[in-house]
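For the record, in the sequence shown the residue sitting at position 43 is 915 according to this note's numbering, with numbers rising by one throughout. Report on the following structure.
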Amino acid sequence: MSIPRFLRSAFAGYEIFEIKECLSEQRICLWVKAEENEEALCHRCRSPIHCDGKYLQKIQCMPVMGLRVEVTLTRRRGHCTGCKKSRAEQVEWLSEETPRDSHAVTHRVR
Ligand SMILES: [Zn+2]
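Right, dumping it as structure tokens:
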């Protein structure tokens, strides 16, 4: 299935690499990861991160035409050169202050 442009533009700097329609459950599932050339920046101080891992984060987005939109983000993490701590990357389209992922489920992946 091709990916509608309005969906792609909603995830600046990230690539939708899989999409699944679960119409019986009125749900669209998207899998998103950073584009290859996108540098990872700390979500706290925006310094570069030396990535040493990734984890999956589930995000509930605004519904589209009555369908729930569930995004599984492969989020990079690593040592922040500014904070000197392990930090998750900054994701522009994900609001940290008012997370849409109040029911977030995270798992570590390699
Ligand atoms: Zn930092």
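Idealized CB from N, CA, C, for every residue including glycine.
DSSP three-state assignment for L928, whether helix, strand or coil: Mapped onto the sequence shown, residue 928 falls at position 56. In the structure shown, L928 falls within a strand segment according to DSSP collapsed to helix, strand and coil.
Candidates L928, I888, C933: closest to S967 by CA position: For the purposes of this step, residue 967 is taken as the residue at position 95 of the sequence shown. If we check each option's Cα against that of S967, C933 comes out closest.
Neighbourhood of D985 by C-beta, 6 Å cutoff - its chain only, sequence neighbours within 5 removed: Because the chain here runs from 873 to 982, residue 985 falls outside it and cannot be looked at.
Range covered by the alpha helix (DSSP H) that runs through L879: Counted from its first residue, the sequence shown places residue 879 at position 7. Where L879 is concerned, the enclosing alpha helix (DSSP H) stretches over 877-880.
Close Cβ partners of H975 (< 7 Å) along its chain, the five nearest in sequence each way excluded: One-based indexing of the sequence shown puts residue 975 at position 103. Unreliable positioning characterises H975 in this predicted model, as indicated by a pLDDT of 39, which lies under 50. The coordinate reading is nonetheless provided below. Within the same chain, Q932 come within 7 Å of H975 by CB-CB distance, once the 5 residues on both sides are set aside.
The region 912-927 / the region 887-899 touching (three or more Cβ pairs under 8 Å): Contact check between the region 912-927 and the region 887-899: fewer than three CB pairs, one atom from each, fall below 8 Å, which does not count as touching.
Beta bridge counterpart(s) of L902 as assigned by DSSP: Position 30 of the sequence shown, counted from the first residue, corresponds to residue 902. DSSP, once it has assigned bridges, lists I891, V943 as partnering L902.
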